[in-house]
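Report on one structure; see the data block that follows.
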Amino acid sequence: MKKILCLLLSLVLIAASAVSCAQTDEESTDKGAVIPVYLTTEIYDFDPATAYTDDAATKILGMVYEGLYKFDKNGKVVPGIASDYKIKEDPESGLYELEIYLKETAWSDGRSVQAADFVYAIKRVLEPEFRGEAAAMLMEIKNARAVKAGDMSIDDLGVYDSDTKVIQIQFERKIDYEAFLAILASPMLYPVREDVVAKATDWSSNTSILVCNGPFVVRTFVPGKTLILERNIYYYRDIENDKQDKYVKPYRLAINFAMTPDEQMAAFEEGKLAFISELPLSKRAEYKDQVKSRDTLTQHVYLFNTKKAPFDNPDVRRALSLAIDRQAIADKVVFATPSEGLITKGVFETTYKNKKQFRDVGGSLISSSADIATAKSLLSSAGVSGGDITITIRDNEVDVATADMVAAAWGQLGFNVSVRTLGFQEYKENEYDLVADLFKNAYAASDFDVIAVDLSMFSTDPFGNLASFALEFSGGALDLQSGNFEFTPGVTGFNSPEYNEIIEKAFEEIDAEKRAAILHDAEKMLLELAPVVPIFAYQDAYLVGDDLSGVKEAFYGYHHFEKAKLKDYHKYQETEPLETLAMEDLE
541 MKKILCLLLS LVLIAASAVS CAQTDEESTD KGAVIPVYLT TEIYDFDPAT
591 AYTDDAATKI LGMVYEGLYK FDKNGKVVPG IASDYKIKED PESGLYELEI
641 YLKETAWSDG RSVQAADFVY AIKRVLEPEF RGEAAAMLME IKNARAVKAG
691 DMSIDDLGVY DSDTKVIQIQ FERKIDYEAF LAILASPMLY PVREDVVAKA
741 TDWSSNTSIL VCNGPFVVRT FVPGKTLILE RNIYYYRDIE NDKQDKYVKP
791 YRLAINFAMT PDEQMAAFEE GKLAFISELP LSKRAEYKDQ VKSRDTLTQH
841 VYLFNTKKAP FDNPDVRRAL SLAIDRQAIA DKVVFATPSE GLITKGVFET
891 TYKNKKQFRD VGGSLISSSA DIATAKSLLS SAGVSGGDIT ITIRDNEVDV
941 ATADMVAAAW GQLGFNVSVR TLGFQEYKEN EYDLVADLFK NAYAASDFDV
991 IAVDLSMFST DPFGNLASFA LEFSGGALDL QSGNFEFTPG VTGFNSPEYN
1041 EIIEKAFEEI DAEKRAAILH DAEKMLLELA PVVPIFAYQD AYLVGDDLSG
1091 VKEAFYGYHH FEKAKLKDYH KYQETEPLET LAMEDLE
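Quick note on the working numbering: the sequence shown kicks off at 541 and runs consecutively.
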């Protein structure tokens, strides 16, 4: 009898153990919610240094990278990876230094994020052969202007990693150090790794190369089909002691780009999509009063190639700008407001502490309605009666609708206008499958008559965006191989001695209020000369499903999903939007 009881007890224990093991295995395979979302239209490039021309990129990159500092939802600078900083000054020796200390976190491949990664990101933007307008906001750094001009080596730049977790940034003069922290919060200065960038030309388009230091990593990227962001298990996490979801709750965010915007909307309405922040144009008016919306720091602008006739004539450029009915376009886009200047809302007159907004002080400098009569008069004075114009755009609904309306307006002036849409091209380099962003390449090569870009504000300081149209602040690339060390203008080819002078004056001015006044004058001059034509400012508009909670707004128009929770998330993994993804890449 005892033997039988012992046998039964053993069987019970074995069964209990089996159940326990099964539960453990189930828990270990269930890594959390895979949330089906539609965050934005497609992007093909995950390089933060060149992301300021695409609103879609801004929405994704803020989720996969983290800078030294960042902005809270009101524009206040708060620590990112930086833990603290010290100011060191010695006027006698000319030392003006900001020393920044880093927290412990890691890239998505497990390598510690180091000071050298941030130093490289800054140096890369200021390399003479690198084209990037974001260089304009870094010119206060010691020797930055001489380095960008090719007169000094990149090693002479006043940015150093004195330790693996310590960055030293030196300046030519005493500056407002807290204001410079806002520069360091710019998405254009997210860290990138030198060893990664060196692997291929379009390194940031291949997920086997790309590494991220933000809460999410680009897990799967299939152009035209799929984008999957996965929890970065190394994001601030103690690998030995912390649960995988301590800092990032969702396991994955899945976007199915094989679906049209209207199909995305239908999926949300059917409860198959948990979040949508890129509503189709056909549904925007219907949902206008239901979405959550806010202004962003990005606006849709047209850039003229001023090296080509007739765009080399400022009167022609002004005429083309005057012919645009910005209010009508904003009404078509719905989640937009007519542009009032080059600088958007959210940029401060001086600093966050001052609270005053640059746009509020400067007021509206652009009419929201069209003025065809004045436009025709300007063209007549310039001796221009028409001609061919090609507008280059990205292939998405908003860009297409805007270009069609602008083309119709310019047609009233006698121009024959065509629209060129550019997407991507796949190719191989160094054994890697890569994706070339054809729009980005055309932009960088000035291969356009007129090009439509989503211009993001570089920071909450207006100087960077305004200065990027001045020759010595343009960030244009030098051709050092040919021995030509002359400054090159930005992609528009615009070079005005008067505008260069006013930006130089603003750079030299150390009084914040006086500097702001000069920048207002610069903005007025730039809009008169019109190498750039602002059309509308974007608004971030989104819908959240009933089962999703914990999504927070970020300052630049993207969203924080780190603490997002999806109720009954297993049912979403069986819905149609996820079935059409490249599921073999999910495992």
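Think of the CB as a built atom: it goes at the ideal place given N, C-alpha and C, for glycine as much as any other residue.
Note that this is a predicted model, so its numbers are computed, not measured.
Q. Between which two residues does the beta strand (DSSP E) harbouring Phe898 extend?
A. Looking at the DSSP string, Phe898 is not in any beta strand (DSSP E); the run it does join, the alpha helix (DSSP H), is 898 to 902.
Q: Under 7 Å Cβ to Cβ from Lys571, same chain only, skipping five residues before and after it: list those, please.
A: Closer than 7 Å at Cβ, skipping near neighbours: Gln784, Tyr791.
Q: Taking 8 Å as the cut-off, decide whether the C-beta atoms of Ala1113 and Val687 are in contact.
A: Per the sequence presented here, residue 1113 reads as Gln, with Ala not at that position. For the 8 Å CB-CB criterion, Gln1113 and Val687 do not form a contact.
(Q) Pull the bridge partners of Glu1093 from the DSSP assignment, please. (A) As computed with DSSP, Glu1093 is found in a beta bridge with His1099.
Q | Nearest-angstrom Cβ-Cβ length linking Leu1011 and Asn1040, presumed shorter than 8 Å | A | Indeed, because the Cβ distance is near 5 Å, the residues count as touching under 8 Å.
Q.
With H, G and I counted as helix, E and B as strand and the rest as coil, what does DSSP make of Thr846?
A. Of the three classes helix, strand and coil, the one that applies to Thr846 here is coil, per DSSP.
Q.
My output table needs one value for Pro731: the three-state DSSP class, helix, strand or coil.
A. Three-state DSSP puts Pro731 in coil, outside helix and strand.
Q. Whose C-beta lies closer than 7 Å to the C-beta of Asn772 among residues of the same chain, with five residues either side of it excluded?
A. Within the same chain, Asn772 has close Cβ partners Ser648, Cys752, Gly754, Pro755, Phe756, Val757, Val788.
Q | contact_flag[the region 982 to 994, the region 923 to 932] where n(CB pairs < 8 Å) is 3 or more | A | Touching, yes.
Q) Between the region 1079 to 1089 and the region 802 to 822, are three or more C-beta pairs nearer than 8 Å? A) Cβ pair count under 8 Å is three or more, so yes.
Q. What is the rounded straight-line gap between the Cα of Asp900 and the Cα of Lys885?
A. Rounded to the nearest angstrom, the gap between the Cα atoms of Asp900 and Lys885 is 8 Å.
Q) Among all the DSSP beta bridges, which residues are the ones paired with Val706? A) Bridge partners of Val706: Tyr641, Asp703.
**Q.** Pairwise C-alpha distance: Glu1049 and Lys786
**A.** A direct Cα-Cα distance of roughly 47 Å separates Lys786 from Glu1049.
**Q.** Lys1107 versus Arg960: straight-line alpha-carbon distance, rounded
**A.** The alpha-carbon of Lys1107 is positioned some 44 Å away from that of Arg960.
Q. Bridge partners of Leu678, per DSSP?
A. By DSSP's assignment, Leu678 forms no beta bridge with any residue.
Q: Measure the Cβ-Cβ separation of Ala982 and Phe964 and say whether it is below 8 Å.
A: No, Cβ-Cβ distance for Ala982 and Phe964 is not below 8 Å.
Q) So is Ser958 buried or exposed if we call it buried at 16+ other beta carbons inside 10 Å? A) Label assigned to Ser958: exposed.
(Q) What residue range does the beta strand (DSSP E) around Leu905 cover? (A) Counting along the chain, Leu905 sits inside no beta strand (DSSP E), nor does DSSP assign it H or E at all.
(Q) Whole angstroms are fine: how far does the CA of Val873 sit from the CA of Pro1029? (A) Distance between the alpha carbons of Pro1029 and Val873 is about 32 Å.
Q) Rounded to whole angstroms, how far is the Cβ of Tyr842 from the Cβ of Val1073, which I believe are closer than 8 Å? A) With a Cβ gap of about 4 Å, Tyr842 and Val1073 count as contacting.
Q | When Leu1018, Ala689, Ala722, Thr645 are compared against Arg777, the one with the closest alpha-carbon | A | It is Thr645.
Q) According to the Cβ coordinates, are Met728 and Tyr892 closer than 8 Å? A) If you check the CB distance, Met728 and Tyr892 do not come in under 8 Å.
Q: Just the C-alpha distance for Glu1026 and Lys682, rounded to the nearest angstrom, thanks.
A: Rounded to whole angstroms, Glu1026 to Lys682 spans 21 Å at the Cα level.
Q. What are the boundary residues of the alpha helix (DSSP H) that Glu809 is part of?
A. Segment 801 to 809, the alpha helix (DSSP H) holding Glu809.
Q: Spell out a yes or no on whether the region 861 to 878 and the region 1049 to 1060 are touching, meaning 3 or more CB-CB pairs, one atom from each, closer than 8 Å.
A: Using a Cβ-Cβ distance cut-off of 8 Å, the region 861 to 878 and the region 1049 to 1060 are not in contact, since fewer than three pairs of beta carbons, one from each stretch, lie closer than that value.
Q) How big is the Cα-Cα spacing for Ala1081 and Ala689? A) Annotation: Ala1081 to Ala689 spans about 42 Å, alpha carbon to alpha carbon.
(Q) With H, G and I counted as helix, E and B as strand and the rest as coil, what does DSSP make of Glu1127? (A) Legend: pLDDT at Glu1127 = 44, less than 50; position of this residue unreliable, value from coordinates given subsequently. The answer is coil: DSSP assigns Glu1127 none of H, G, I, E or B.
Q) So what does DSSP say about Val659, is it helix, strand or coil? A) Under the three-state reduction of DSSP output, Val659 falls in the helix class.
Q. Which word fits Glu966, buried or exposed, when buried means at least 16 other C-beta atoms lie within 10 angstroms of its C-beta?
A. Glu966 should be labelled exposed.
Q: With DSSP collapsed to three states, give me the class of Lys613.
A: For Lys613, the secondary structure class from DSSP, reduced to helix, strand or coil, is coil.
Q) What's the gap between the Cα of Glu1093 and the Cα of His1100? A) C-alpha separation (whole angstroms): 6 Å.
Q: Provide the residue span of the alpha helix (DSSP H) that contains Pro1037, from first to last.
A: In the DSSP assignment, Pro1037 falls within the unbroken alpha helix (DSSP H) covering 1037 to 1048.
Q. Between which two residues does the beta strand (DSSP E) containing Gln1079 stretch?
A. Per DSSP, the unbroken beta strand (DSSP E) holding Gln1079 starts and ends at 1072 to 1084.
**Q.** Nonlocal neighbours in the same chain, by C-beta distance under 8 Å from Asp802, ignoring five residues either side
**A.** Answer for Asp802: Pro820, Ser822, Lys823, listed in chain order.
Q. Near Ala1131, what residues of its chain come up, given a Cβ to Cβ distance below 6 Å and the 5 sequence neighbours on each side ignored?
A. No answer is possible for residue 1131: it lies beyond the span of the chain, which begins at 541 and ends at 1127.
Q: Inspect the beta-carbon positions of Val732 and Pro588 and report whether they are closer than 8 Å.
A: Annotated as proximal: Val732 and Pro588, with beta-carbon spacing under 8 Å.
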